[in-house]
Amino acid sequence: MSAYRWKSFEENEDRPEKPRRYGVTEMRGPHYSLLNQNVLQDIFESMGEFVDGLKFSGGSHSLIPKTVIKEMIDMAHQHDVYVSTGNWAEHMVGKGPSAFKEYIEECKQLGFDTIELNVGSLGVPEETFLRFVRMVKGDGLKAKPHFEVKFNKSDIPKGGDRAFGAYVPPAPRSSEFVEDVDLLIRRAERCLEAGADMIMIDADDICKHADSMRADIIAKVIGRLGIEKIMFEASNQRTSEWFIKRYGPNVNLFVDHSHVMDVECLRGRNLGRNHSSVLGSSYFLF
């Protein structure tokens, strides 16, 4: 019996220091829970080395006084953490032709570094979306298009216990998900050509449960776009483990603030086989 050995801070392999282009951990900011300045300060002071980005999810910044937002962004910058908007641009597009330009300027004044653009919720023609990407880049900010992976629910492999050795016929797979993923990749490639810095993949249906992960879809996206240009939403700790074990410490992940240390441990070498090994220092491996 040997005690689980926590990651050594020298075990970063070829993962670069901040600011990183890959191996990025972006942290969810105020949205599901109130993340005030004191909590942020504690996180940055204790784990700032492992936090690359902070995102104000779900338009939460629209409910916070601008003076407070500015203070939070300044705090993040003091710890070399970039700050990104969440899905909020779609609320500005309907206000007139100049509204999106004004939105970019306001984000810049507040100190945001990255503007996330949700392809689905914006609902604009592709050429208009590419123009938005160029406008963000033209004002000196980074652009992060946000795509969703769509496919039929029947394409998700069925889980559940079964007798040892029992044959389970493969679940039927339609051709629609292939077409959707190919379309996503083509649009993402055009966004990168237009100057986008990173592509956010919201693949909640395929990433929510690690035991039913659609590895083929993820492999196809990474194979075409490159691991450095993609960030995946890791909705839980097992999902983070799946991505890091499959693609190594340099995969880019968007996680909840409560998972930052866990993800960093997973990025280290010589980890236990079971995810439970990273949930507490009192666990043991046999």
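According to this note's numbering, the sequence shown holds residues 6 to 291 in order.
The beta carbon of each residue, even a glycine, is placed where N, CA and C say it ideally should be.
Since we're looking at a predicted model, the values are computed, not measured.
message: According to DSSP, Asp185 sits in a beta bridge with which residue or residues?
response: Asp185 pairs with nothing; no bridge assigned.
field: Pair within 8 Å by beta-carbon distance, His151 and Val124
entry: yes
As assigned by DSSP and simplified to three states, the class of Tyr252: helix
task: Put Gly128 into one of helix, strand or coil per three-state DSSP.
output: coil
Own chain, CB closer than 6 Å to Gly128, minus 5 neighbours either side, in chain order: none
field: When Glu22, Ile204, Lys100, Leu146 are compared against Lys113, the one with the closest alpha-carbon
entry: Leu146
task: Below 8 Å on the Cβ atoms is my guess for Phe49 versus Met77; work out the distance and round it to an integer in Å.
output: Rounded, the Cβ-Cβ distance is 10 Å, inconsistent with contact.
query: Does DSSP put Val56 in a helix, a strand or coil?
result: coil
message: Please state whether the Cβ-Cβ distance between Leu115 and Ala199 is less than 8 Å.
response: no
field: Leu146, enclosing beta strand (DSSP E) - first and last residue
entry: No beta strand (DSSP E) holds Leu146; DSSP gives it neither H nor E.
message: I need the DSSP call for Met77, collapsed to helix, strand or coil.
response: helix
query: Which word fits His262, buried or exposed, when buried means at least 16 other C-beta atoms lie within 10 angstroms of its C-beta?
result: buried
query: Where Ile92 and Pro254 are concerned, what is the direct C-alpha to C-alpha distance, given to the nearest angstrom?
result: The question names Ile, but residue 92 in the sequence shown is Asn. When rounded, the distance between both Cα atoms is 27 Å.
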